[in-house]
Amino acid sequence: MSIMSYNGTAIVAMTGKNCVAIAADKRLGQQFLTVDMDFQKIFPITKKTYVGLPGLATDVQTLHEKFRYKSNMYRLNEQRDIEPKAFAHMVSSTLYEKRFGPYYIEPIVAGLDKNNNPYICGMDLLGCMDVAHDFIVAGSADENLKGMCENLWEADLEPEDLFETISQALLNAVDRDALSGWGGVVHIITPNEVITRHLKARMFHLTKFLILLKQTREMVNKWILFVTTICSMVCASTSPELDQIPNSPKNYSISLSNIDNMVRIIGGVDANISNYPFSVLVKITSSGNGGATCGGSIISSNWILTAGHCLVKLKERNWNSDKKRPINWGNNRTQEHRITNNEHIKPRKSDFDQRMDTFQDNPNYYITNPQNIGIYYGSSIKKKMKRMQVKNVIVHPGVDLHTFRNDVALLELENPISFSKSVNSVKISLAYIPSEMPLTAVGWGVSKTSNREIPNSLRATSLLTGSQEICRKTRSSFIDNNGDVICCPSFEGRDTCFGDSGGPLIAYELAQEKNSTESGSEDVSEKVPCLLGITSYGDTTSPKPFTCADPEGLGFYTHAAHFIDFIANSTGLSVNDISTNNTLIPAQDIRNTQKKPDDTLRIIGGVPAIDTEFPFMASVKIYEGINEYTCGSTIISTNYIVTAAHCMYSTRKRISVNQLIVGVGNINLSLGKKYGVEKIIIHSKYDPVKILNDIAIIKLNKTLEFGESIGRAKIDTSEFDIGSNMTAAGWGVTSNQSFTPSPSLYKVVLKVKEPQKCSSIRPNFTTNLNDFICLADGEEKKDTCYGDSGGPVLTMDKDRITYFFSGLTSYGDTTSPQPLGIRPDCADINGYGFYTRVGHYVDFIKYHTGLTEKYLLANSTETGRSLIRNFDNTTEGVVITD
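Under full-length UniProt numbering, the letters of the sequence shown match residues 1 to 882, in that order.
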């Protein structure tokens, strides 16, 4: 059990309309033993600011007193109460100061600022801040809380509605967590007062007993139903009288032509329509088959994108085999299909290789009449949805009902849909999709494989993309290598299943928005959903009959980008209007992608790098449990890269080689070739407190192949003129408000400053002026900032053609006075950046790589400057190989 879960906690904060709420459970436990049933976890700081402290109980008491003291000192110094945002920075700074022996607390700050705007912020035990506009969760019940909040929270809730929402979320979450519960407390902070209410929650042992009792009863009922069904089937096969029964029970009167290849959500959670406003329900009614439901996606106010097999049907049995029957779609589009037989469309694996029956080739099939199709939208609850009639149906002419190739169709609406918070369109992503990319499938289908009853609400589940090799292995005869399908293996009981074909498979991208500030406007990254796939069908490598969420099963999804021209030509919409090229975010939650704060720096005030401009750049992704962070690095040979030593430390200890993935050959963070690590060498005199000798060498597990996009940089040992320019490069935030990595490489030009200016900020730390390069350009608001440590600082030759490796990004500081406990912003006018001077560590690099000076160093002819030889003679290093 994690030490963070030792005492058990559940804390949640939510925003409302000019109000904010924070709630916590009351249980104090010693693992599964309950010690106290009324333990305080939320503390008032001011009349409008509260802090929740989930984690180790002893640290809760310590930090409460520390924060109370600091806030009182702030009040004495500033003659006013501390604002929630300032207090959050104070908390973050306090935690970060103890980063090498941290408090086991992940605080949540909630309050109203001086304008009564709600503010909530969470952070990890190192102080990495996570500012949200909806809700924040923490504690041992955080996963349950997050799922409940995503389902229940809505914007602009009034205080009473906010209380009901946060109470339901907390009570439902602690009922499912063994380490929290025994009641709760809710604080509603409004401009005029703070309303505190106490909640009753069920005890753990009683909760589990009731759940177990319910599950046992459901299991018994299923067995009774199963035995009854089998008995009925046996009796029906031996008794002629029973053959005349007109209808089976409702749950079993399922038309295979309508349901077998339609897919629904298994292992998901109830979804809020405001998170998926583009998701619609397509209801198809026709005589003789009882109708069917599919999903769909709004791509414009007039058009819905869905699966082709939802709309192509088998002709009914009472039609004459030699009769021509025209089907009118609307817009004077008429199609004729000759009826020859009544072959069932259920796929048969024995003749998959031989058949290529598109609906145009086979006259047994017809396209559903638009009058029989209704589009339901605007709510995650079926009863509350609005209905829109379909005017026109366009199915891809190559739809194949046996192989499910080209499984795409478009529905034109009779009237345009009005967009709102719960109704909006989604753009089709044209970005590259790597393997194991986190995706989300959304649908209206069943949540259990044993029950085909369609639920009444929208559901969502998380999936990962599989490799094309896995896809082709399962359906080798049907998967071309042209990218027209995406496959997602079933994992952890999650899958799409019977009934939700046509629904969206989405990912998230980083979109740039203009955010107004006092000084003008700035670009801010925002997480935006984009459409990757259309739910199509499932299959398995198992010899057993296919079931949803089969451990050996795969879900197949039509790759929407592959059909972008068909969509644009059929709808009359431009490709630019319905698609996006932004890079996908390779993480499920954008707010949790970066867990390491101040030590990692990123580019502010820079510009995007040009492709192949920095072939020696390599990204280093460090994985710590479910979290990850990114550093930069520089290739110096086919086997070695150089980065910052502090990147090689996780929360409390050095990382292992298995936690690193190195990416090369692309300015896009999620693309490029990936390499593992054989060993890490950290400078033996690296000081994590003073951040001295901040350099490390990484040996790759495979040799790089140099080319146009992958190369090395030579080390420049020149003396640098004060005021001259250097270029820093890295993947990172472009504003102080963001903690999200930039998907693309950025560069920024900085000016060399006198080393004494840097040393004056940290006189007790910078003992050797030859160890570092001092750079800044605060006047132009340019800097490196959180997230891109280890990336190179570069000089150029006199002809400004070739880059040379001069330093690597380490950390920054400022002389500007700061309010108590608040870290300085990047690009501060009085700020300076400290960059490890790589040329000072040539002996260390030579010793551990075996490379010669002639190979490593740029000569004076190349640089156009006089070289100096002022090397650190230390060659010892801490070598990590496991």
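Just so it is clear, CB atoms sit at the ideal spot from N, CA and C, and this is done for glycine as well.
Best match in the options for proximity to residue i [C-alpha to C-alpha]
i      : options                           : result
ASN770 : SER806, GLY606, THR795 and CYS310 : SER806
ARG712 : VAL642, LYS747 and ILE691         : VAL642
LEU171 : ALA10, TYR276, SER457 and ARG99   : ALA10
SER274 : LYS85, ARG459 and GLY139          : ARG459
GLY831 : THR784, THR861, CYS19 and ILE284  : THR784
ALA618 : SER709, GLN371 and ASN582         : SER709
THR293 : PHE614, CYS310 and ILE610         : CYS310
ILE367 : VAL393, ARG387, GLY374 and GLN389 : VAL393
ALA858 : GLY850, MET796, GLN389 and PHE614 : MET796
HIS559 : GLU613, CYS488 and PRO615         : CYS488
THR630 : ASP484, LEU660 and MET148         : LEU660
GLU705 : THR638, ASP716 and TYR276         : THR638
GLU414 : PRO370, ALA431 and LYS427         : PRO370
Residues near residue i in its chain [Cβ-Cβ closer than 8 Å; skip 5 each side]
i      : result
ASP156 : GLY16 and LYS17
MET385 : LEU281, TYR376, TYR377, GLY378 and SER379
HIS396 : GLY308, ASN406, ASP407, VAL408, ALA409, PHE563 and PHE566
ASP134 : MET14, THR15, CYS149, TRP153 and ALA155
Neighbour-count burial assignment, residue i, 16 or more Cβ in a 10 Å radius
i           : result
ASN77       : exposed
residue 884 : Within the shown structure, residues of the chain are numbered from 1 to 882, placing residue 884 beyond reach of any answer.
ILE108      : buried
HIS89       : buried
GLU160      : exposed
ILE120      : buried
ARG80       : exposed
HIS646      : buried
GLU150      : buried
MET73       : exposed
ARG405      : buried
ARG494      : buried
VAL528      : buried
MET219      : exposed
THR658      : Here residue 658 turns out to be Asn, not Thr, going by the sequence shown. Per the 10 Å Cβ criterion, exposed.
For residue i, three-class secondary structure by DSSP
i      : result
GLN389 : strand
ILE661 : strand
ARG68  : helix
SER422 : coil
ALA645 : helix
GLY572 : coil
PHE772 : strand
HIS89  : helix
GLY711 : coil
ILE845 : helix
SER860 : helix
GLU509 : strand
PRO370 : helix
HIS840 : helix
GLY308 : helix
Cβ-based neighbour list, residue i, same chain, cut-off 6 Å, excluding 5 preceding and 5 following
i           : result
residue 935 : Absent from the structure is residue 935, since the part of the chain shown begins at 1 and ends at 882.
TYR811      : ILE691 and PHE834
LEU532      : SER429, LEU505 and ALA507
PHE720      : VAL752
ALA132      : ILE120
ILE195      : ILE188
LYS674      : ILE661 and GLY663
PRO615      : SER709, ILE710 and GLY711
Cβ shell of residue i (< 7 Å), same chain only, five flanking positions each side left out
i      : result
GLY877 : ILE681, ILE682, HIS683, SER684, PHE844 and HIS848
THR535 : VAL263, GLY295, ALA307, ALA441, GLY443, THR496, ASP500, SER501, GLY502, GLY503, LEU505 and TYR557
LEU28  : ASN7, VAL35, ASP36, PHE39 and ALA57
ASP872 : HIS840, TYR841, ASP843 and PHE844
GLY55  : MET4, THR9, TYR104, ILE105 and GLU106
THR875 : ASP843, PHE844 and TYR847
SER180 : GLY8, THR9, ALA10, ASP25, ARG27, GLY139, SER140, ALA141 and VAL174
ASP177 : ALA10, SER140, ALA141 and ASN144
GLU158 : GLY16 and LYS17
Test: residue i CB closer than 7 Å to a CB of chain C
i      : result
ARG494 : Of the protein chains in this structure there is only one, and it is not chain C.
Three-pair Cβ contact test at 8 Å for the region 294 to 303 versus the region 175 to 188: Too few Cβ pairs lie closer than 8 Å, so no.
contact_flag[the region 49 to 66, the region 103 to 123] where n(CB pairs < 8 Å) is 3 or more: Result yes; three or more Cβ-Cβ pairs closer than 8 Å.
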